[in-house]
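Chains as they are written, first to last, in this note's numbering: chain A, 1 to 191; chain B, 1001 to 1148. Following: one structure in structure tokens, then a few remarks.
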Amino acid sequence: MEQVAAIRTREEIEEAIRDFSLAKLALLEKAAKYFARYPFEPNDLLQTAYVLALTTRKCPVDVDVVTFLIGIMRSVAHDEGVKPKHRLVTVSIGSADDPEDGTIDPPDPSTSVEDNLIVEERLATIRTSILSLFDEGSPVWYLAEGIMQELTADELRDMLALDKTAYDSMRKLFRRRVDKAYPGGWNHDRE
Amino acid sequence: MTENKKSAREALDRLADAFVEDLLRMSDEEILAEFREDHGDPDQHEKELRDLFEESVMIANKQRLAEAKAGVAASHRIRRTPSTPDDITEVRKRLRLIVAAPNEAQQLTLAARNQKESDMSDGDARTLLEDLEELDETTPDDTNNEKP
């Protein structure tokens, strides 16, 4: 007999997030910086994930709330990229006395072809820029290219002839170099 | 290698996924060490992170309120349409019938209004009829002139 997974209530999710340690909040902030794509800012993406977690998205009780939020950010960012008309929906806070307050602003479906081309050009520039952080042909450059080409960790370790410890160290070096070059996320110009 | 623009998006998505995988494997201490390295004072930035969530709670609450209002308004439109006539003569006729035999809730509403039907504008009469009919789905028929 198929069992339907129990779903966390909105109150449970709200309480869980309020109880997040600084480490969890920091993790989510970094994830937002990695997932957010021009023209959307990381904080907008994270806030959208929070709002969706508290409204329409369902979190099974056996799914960690951090993982749940990361999944929302990934899907929203992916949808924003694949279907530009599904822009992030924002709700103005405004005045509590305003009966129109809290009205959802519907996304504008009329994104132009030119807008899409600009976004895609920018992404290509970011990709090139990240790779240029490392000397072409260096092991970490190959690591960066390999990850972008969807090579697995095993394939990368074999290619680079690294044991697990050395591979993990190189991967961290790669990530931290990118973090320092793009402290505000990948939407912004390199430092 | 040949790159097309679609592959740039996919490449960055793969990179993001890889980086987030790394984050999820890190201990809290490792994450906090990077946090301090990136932001300096952790206390101020922690407040900003928590404020962002509280703002999100407000947004979610207002979104739910807006949806609830929209639902109530839609429900009223559905209920109102078959019961409130367009003909103002009919509106006033039905209003006079209710005034002649109001239920308790309708009495309170009429007392609060303290205005004769004959003194009301057409708009006021229509609004009052809608309010009174919400308080009692059935209106008295023409033959019922008895007070409760």
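Using N, Cα and C, we set each Cβ at its ideal position, and we do this for glycine too.
- Look at the segment 1010–1092 of chain B and you find these whole runs of alpha helix (DSSP H), each 4 residues long or longer: 1028–1039 and 1042–1083.
- Using a Cβ distance threshold of 7 Å, A1008 (chain B) and L123 (chain A) count as a contacting pair.
- Among the bridge pairs identified by DSSP, I7 (chain A) is matched with A:P60.
- Distance between D64 (chain A) and T9 (chain A), taken at the CA atoms: about 14 Å.
- Contact check between the segment 1027–1044 of chain B and the segment 18–28 of chain A: three or more CB pairs, one atom from each, fall below 8 Å, which counts as touching.
- Around S1075 (chain B), no beta-carbon contact reaches into chain A at under 8 Å, the shortest distance being about 17 Å.
- Secondary structure of Q1107 (chain B) (DSSP, three-state): helix.
- A Cβ-Cβ distance of about 7 Å is found for the pair A144 (chain A) and I130 (chain A), placing them in contact under the 8 Å criterion.
- The Cβ of Y182 (chain A) sits no closer than 7 Å to any Cβ of chain B.
- A contact is defined here as three or more CB-CB pairs under 8 Å, and the segment 111–120 of chain A fails this definition with respect to the segment 131–138 of chain A.
- Shown here, E114 (chain A) sits in a helix according to DSSP, grouped into three states.
- The three-state reading of DSSP puts H188 (chain A) in coil, since its state is none of H, G, I, E or B.
- Taking the Cα of D1017 (chain B) as reference, the smallest distance to any Cα among A:S169, A:V119, A:T125 and A:A36 is reached at A:A36.
- Its chain contains L131, F134 and D135 as the residues whose beta carbon lies nearer than 7 Å to that of W141 (chain A), once the 5 sequence neighbours on both sides are disregarded; these appear in chain order.
- Counting of Cβ neighbours within 10 angstroms places T48 (chain A) among the buried residues, the total reaching 16 or more.
- Note on geometry: alpha-carbon atoms of T1089 (chain B) and A1111 (chain B) lie some 23 Å from one another.
- Rounded to the nearest angstrom, the Cβ distance from M73 (chain A) to A31 (chain A) is 6 Å, consistent with a contact under 8 Å.
- At a beta-carbon threshold of 8 Å, the residues of chain A lying near E1046 (chain B) are L22 and L25, ordered along the chain.
- Looking at the backbone, the Cα of A1125 (chain B) and that of N1114 (chain B) are separated by about 13 Å.
- Boundaries of the alpha helix (DSSP H) around E1133 (chain B): D1122 to L1135.
- Counting along the chain, D179 (chain A) sits inside the alpha helix (DSSP H) bounded by residues K164 to A181.
- Chain B places a beta carbon closer than 7 Å to that of F35 (chain A), counting this residue as a contact.
- H188 (chain A) and Y182 (chain A) have their C-alpha atoms some 7 Å from each other.
- Rounded to whole angstroms, the separation of the alpha carbons of V1091 (chain B) and D62 (chain A) is 58 Å.
- Separation of the CB atoms of R1096 (chain B) and E1117 (chain B) is rounded to 6 Å, and the pair is thereby assigned contact status at 8 Å.
- For E1134 (chain B), the closest alpha carbon among the candidates B:S1121, B:I1098 and B:G1123 is that of B:I1098.
- A direct Cα-to-Cα measurement between G185 (chain A) and L1015 (chain B) gives close to 13 Å.
- Of the residues assessed, L1108 (chain B) falls on the exposed side of the cut-off, its CB having fewer than 16 other CB atoms within 10 angstroms.
- Flagged as an interface residue toward chain B: L123 (chain A), by a C-beta distance shorter than 7 Å.
- Around D1038 (chain B), the beta-carbon contacts reaching into chain A at under 9 Å are A26, K30, D179, K180 and P183.
- Taking C-beta atoms under 8 Å as the contact rule, I13 (chain A) and L54 (chain A) qualify, at a distance of about 6 Å.
- Secondary structure of F20 (chain A) (DSSP, three-state): coil.
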